[in-house]
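One structure below.
Numbering (the numbering used here), first residue to last: 1223 to 1621.
Here's what the structure looks like:
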């Protein structure tokens, strides 16, 4: 039996440290594992050998800094995770393995006025269809990550008030979906998952602190501090859409006036173009027209960027992130929107914070949230079940 402080318990702890580092990153060289875990190169080498022999990890040749290296990832058949993302007008599901490989992904339209029960029923069917299509053994599903477009109370797991899916207010999405598919479900709001998706899979890779800005039906920010999503005690951290820009401005859905959201969200911006462009516009279409040179759309995109920049400047002054990632349809506008954001940041942010900031478009597009849901599932699962085949008795070289 292992006892605290014993050789075997220390060995087990080192095994879990290595597995966790690889699980969160997808793949790491042995040198990167040593830096991440603080273990010696010799200890990492021996642990990787043990994990490879047990079938827990796979090791493939690679290069790092021009030198030969070995890339370590979890075995492709060690387990499966599922990501589910409920958006304003869509449901997207992805299936991946513990080596961060996407096995299947599919999206379908979702009626925004559908009830929560209908939404979860649709999700259950789509999850089942993807698992059947990939031939995955359902017993290998280790966890599910779920994204919803509204604030989640950290203590209760309950979805707060949201005007995007009003029929879902007061539900417990993780519990409801978990009961349907029989697998533990971790839930978070879409902006947080967008941040996590870009951190693990996209434009946020390589940094420990960033803000992911999503502008769609509302405006939100996912905040990453020291590599971890910051949610706040009530789960509402990052609601930059309700920073007041003009206290005499339009009435916001939150009840205040002149919130950032009232100058940037699609529901407020698109009507500005209806007199000249007619109805039926989407933000995606506005961005496309702006890139083609349409003067009205270019002006609207620039104005939206300028206002977003005010919110980003506030984030810089408060949190001093090293990188801000712009997601959603607006990111496709490139410098048409990024330029005005930078102008506002340079005007309103503390100069030292503005100089250190890197502003980039998201690289995952509409997939950021569902990939973030996969990353959430990977983060929430434990490591103990992955070590069942690892040798229980250490040798002195492992200590």
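Glycine included, each C-beta is placed from N, C-alpha and C at the ideal position.
Terminal residues of the continuous beta strand (DSSP E) containing residue i?
| i | result |
| --- | --- |
| residue 1441 | 1441-1447 |
| residue 1368 | 1363-1370 |
| residue 1324 | 1324-1331 |
| residue 1307 | 1302-1308 |
| residue 1451 | 1450-1452 |
Please report the residue range of the alpha helix (DSSP H) in which residue i lies.
| i | result |
| --- | --- |
| residue 1234 | 1229-1247 |
| residue 1495 | Where residue 1495 is concerned, there is no enclosing alpha helix (DSSP H), given that its DSSP letter is neither H nor E. |
| residue 1529 | 1517-1541 |
| residue 1506 | 1505-1514 |
| residue 1259 | 1252-1259 |
| residue 1403 | 1395-1403 |
| residue 1484 | 1483-1486 |
| residue 1269 | 1263-1275 |
One question on the structure: do residue i and residue j come within less than 8 angstroms of each other, judged by their Cβ atoms?
| i | j | result |
| --- | --- | --- |
| residue 1533 | residue 1559 | no |
| residue 1360 | residue 1353 | yes |
| residue 1338 | residue 1327 | no |
| residue 1239 | residue 1259 | yes |
| residue 1465 | residue 1536 | yes |
| residue 1541 | residue 1445 | yes |
| residue 1213 | residue 1300 | In the structure displayed, the chain extends from 1223 to 1621; residue 1213 sits before or after that span and is not available. |
| residue 1495 | residue 1546 | no |
| residue 1600 | residue 1246 | yes |
| residue 1530 | residue 1458 | no |
| residue 1268 | residue 1298 | no |
| residue 1366 | residue 1406 | yes |
| residue 1555 | residue 1512 | yes |
| residue 1417 | residue 1432 | yes |
| residue 1622 | residue 1460 | Since the first and last residues shown for the chain are 1223 and 1621, residue 1622 lies out of range. |
| residue 1346 | residue 1402 | yes |
| residue 1358 | residue 1295 | no |
| residue 1252 | residue 1292 | yes |
| residue 1278 | residue 1303 | no |
I need the DSSP call for residue i, collapsed to helix, strand or coil.
| i | result |
| --- | --- |
| residue 1609 | helix |
| residue 1614 | Confidence in residue 1614 is poor, its pLDDT being 39 and thus under 50, which makes the residue's placement too unreliable to answer from. |
| residue 1565 | helix |
| residue 1573 | helix |
| residue 1587 | helix |
| residue 1620 | Caution is warranted here: a pLDDT of 29 is assigned to residue 1620, below 50, making its placement in the model unreliable, and no coordinate value can be reported. |
| residue 1299 | coil |
| residue 1411 | strand |
| residue 1478 | coil |
| residue 1280 | strand |
| residue 1427 | coil |
| residue 1457 | coil |
| residue 1437 | strand |
| residue 1356 | helix |
| residue 1318 | strand |
| residue 1603 | coil |
| residue 1336 | coil |
| residue 1416 | helix |
| residue 1406 | coil |
| residue 1389 | helix |
| residue 1594 | helix |
| residue 1341 | helix |
Give the DSSP bridge partners of residue i, in chain order.
| i | result |
| --- | --- |
| residue 1312 | 1331 |
| residue 1545 | 1432, 1580 |
| residue 1381 | 1374 |
| residue 1291 | 1284 |
| residue 1466 | 1481 |
| residue 1349 | DSSP lists no partner for residue 1349. |
| residue 1559 | Residue 1559 pairs with nothing; no bridge assigned. |
| residue 1473 | 1479 |
Between residue i and residue j, how many whole angstroms is the CB-CB distance? I'm expecting something under 8 angstroms.
| i | j | result |
| --- | --- | --- |
| residue 1391 | residue 1382 | 7 angstroms |
| residue 1585 | residue 1425 | 5 angstroms |
| residue 1410 | residue 1430 | In fact, because the Cβ distance is near 19 angstroms, the residues do not count as touching under 8 angstroms. |
| residue 1415 | residue 1591 | 5 angstroms |
| residue 1552 | residue 1441 | Between residue 1441 and residue 1552 the Cβ distance is about 10 angstroms, and since that is not below 8 angstroms, they are no contact. |
| residue 1341 | residue 1332 | 7 angstroms |
Determine, for residue i, whether the minimum Cβ-Cβ distance to residues of chain B falls below 8 angstroms.
| i | result |
| --- | --- |
| residue 1492 | The chain labelled as chain B is not found in the depicted structure, where only one protein chain is given. |
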